[in-house]
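Under full-length UniProt numbering, the sequence shown has 23 at position 23, and the numbering climbs by one with no breaks.
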Amino acid sequence: MASLGGRLAQAAHARCPLRAVGAASAVAAKVALEAGFDALWVSGLEVSTALGLPDENVLGPRDLADTVRAHARTAPLPVIVDVDNAGGQIATARRFADDLAHAGAAALCLEDSAYPKSNSFALHRTQQLAPVPLMQEQLTAMRAAAGSEMLLIARTEALICGTSLAAALERTASYVAAGADAVLIHSKDTSGEQALATGAAWAGTAPLVTVPTAFPHVDPNQLGEAGFALAIYANQLSRAALAAMRQAAASFAATGSFTAGGTPLSDVADLLQVADPTARACL
Numbered sequence: 001m002a003s004l005g006g007r008l009a010q011a012a013h014a015r016c017p018l019r020a021v022g023a024a025s026a027v028a029a030k031v032a033l034e035a036g037f038d039a040l041w042v043s044g045l046e047v048s049t050a051l052g053l054p055d056e057n058v059l060g061p062r063d064l065a066d067t068v069r070a071h072a073r074t075a076p077l078p079v080i081v082d083v084d085n086a087g088g089q090i091a092t093a094r095r096f097a098d099d100l101a102h103a104g105a106a107a108l109c110l111e112d113s114a115y116p117k118s119n120s121f122a123l124h125r126t127q128q129l130a131p132v133p134l135m136q137e138q139l140t141a142m143r144a145a146a147g148s149e150m151l152l153i154a155r156t157e158a159l160i161c162g163t164s165l166a167a168a169l170e171r172t173a174s175y176v177a178a179g180a181d182a183v184l185i186h187s188k189d190t191s192g193e194q195a196l197a198t199g200a201a202w203a204g205t206a207p208l209v210t211v212p213t214a215f216p217h218v219d220p221n222q223l224g225e226a227g228f229a230l231a232i233y234a235n236q237l238s239r240a241a242l243a244a245m246r247q248a249a250a251s252f253a254a255t256g257s258f259t260a261g262g263t264p265l266s267d268v269a270d271l272l273q274v275a276d277p278t279a280r281a282c283l
């Protein structure tokens with residue numbers, strides 16, 4: 001964890017961001033390790049979806065902690081956990097921090113959405129912002145529960161809610177003053193210009209984090225030059241898996257075979273080796 005904080009500082013100085021990727025399972029964590037990602041992101045959206053739950057503050061600390069522990073079995077990478085608004089209370093924030101620290105999380109990301117949260121890209125519900133003092137008290141409680149080694153990322157949904165960049169910057173500065181180690185100013189602007197402007201405007205000493213879901217055409221080099229120390233690719237592996245499963249299922253429905261349509265399938269041995277690298281199989 002301390003090393004993750006140090007690596008973020010180095011990445012900010014070098015203008016070369018660390019890359020984290022969303023992993024909702026040990027399988028995804030192993031894929032991320034093999035692909036050379038620097039960290040894992042336990043996404044509220046991905047874990048909720050994997051459990052058949054809406055992304056609306058339904059997850060509890062145990063759901064996230066179980067995912068962190070599964071990753072530790074297969075991928076020795078630092079795990080950053082998306083705790084959303086941590087239940088919208090100080091006591092629940094303390095519980096999230098304590099449980100996830102014991103599970104082995106390297107960092108927690110707390111956002112200033114009002115309870116109950118809405119997904120940042122949802123059209124069926126509207127995101128609202130929590131009061132700044134509540135977010136500050138939650139950060140203080142999380143620090144006390146998790147200790148000084150835990151990296152705390154403060155995320156603001158201010159731009160998602162349509163407020164100004166100046167207001168977003170003011171919010172994040174107050175979160176750093178309350179003990180946040182890094183800041184994430186989330187954006188859904190598909191051009192990427194808003195995110196790049198955020199990097200240019202950030203004058204704080206805390207490392208800057210981005211989630212480029214809405215602007216995938218902006219590559220890590222551009223993000224690094226803009227001042228970001230960490231880029232979180234939050235849900236791409238789940239989206240790729242869903243697309244591949246649909247393709248395989250459609251191929252079977254059309255041909256009666258999972259292989260006739262040319263759909264690639266991993267070997268059975270590949271599945272066994274996610275949890276047991278020494279495993280062998282005849283298929």
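Backbone N, C-alpha and C fix where the C-beta goes; we use that ideal spot for every residue, glycine too.
Next on the checklist: Counting C-beta neighbours from all protein chains within 10 Å, is the total for Gly87 16 or more, i.e. buried, or is it exposed?
Outcome noted: buried
Checklist entry - So is residue 310 buried or exposed if we call it buried at 16+ other beta carbons inside 10 Å? => result Here the chain comprises residues numbered 1 to 283, so residue 310 is not present and cannot be evaluated.
Checklist entry - Exposed or buried, what is Leu18 when buried is set at 16 or more other beta-carbons lying within 10 Å of its beta-carbon? => result buried
Item to check | Inter-stretch contact (C-beta, 8 Å, three-pair minimum) for the segment 37-48 and the segment 64-84 | outcome: yes
Next on the checklist: What residue range does the alpha helix (DSSP H) around Leu237 cover?
Outcome noted: Gln236 to Thr255
Checklist entry - For Tyr233, which three-state DSSP category applies? => result strand
Checklist entry - Exposed or buried, which one is Asp267 when buried takes at least 16 other CB atoms within 10 Å? => result exposed
Checklist entry - So is Ser148 buried or exposed if we call it buried at 16+ other beta carbons inside 10 Å? => result exposed
Item to check | Assumed close pair residue 304, Thr172 - CB separation to whole angstroms, cut-off 8 Å | outcome: This structure does not reach residue 304, given that the chain is present from 1 up to 283, and the question cannot be answered.
Checklist entry - Between the Cα of Ala200 and the Cα atoms of Ala177, Ala166 and Tyr175, which residue gives the shortest distance? => result Ala166
Item to check | Span of the alpha helix (DSSP H), counted from its first residue to its last, around Arg95 | outcome: Ile90 to Ala103
Item to check | Cβ contact (3+ pairs, closer than 8 Å) linking the segment 123-130 and the segment 98-114 | outcome: yes
Next on the checklist: If the criterion is Cβ atoms closer than 8 Å, does the pair Leu152 and Leu108 meet it?
Outcome noted: yes
Checklist entry - Since Leu33 and Ala91 are thought to touch, with beta carbons under 8 Å apart, how far apart are those beta carbons, to the nearest angstrom? => result Contact doesn't hold; Cβ gap of about 35 Å is too wide.
Checklist entry - Of the choices Ala20, Ala24 and Leu8, whose alpha-carbon is the least far from that of Leu242? => result Ala24
Checklist entry - Buried or exposed: where does His13 fall if 16 or more other Cβ atoms within 10 Å of its Cβ makes it buried? => result exposed
Checklist entry - Around the C-beta of Gly227, are 16 or more other C-beta atoms found within 10 angstroms, so that it is buried, or is it exposed? => result buried
Checklist entry - CB Pro78 to CB Ala29, shorter than 8 Å? => result no
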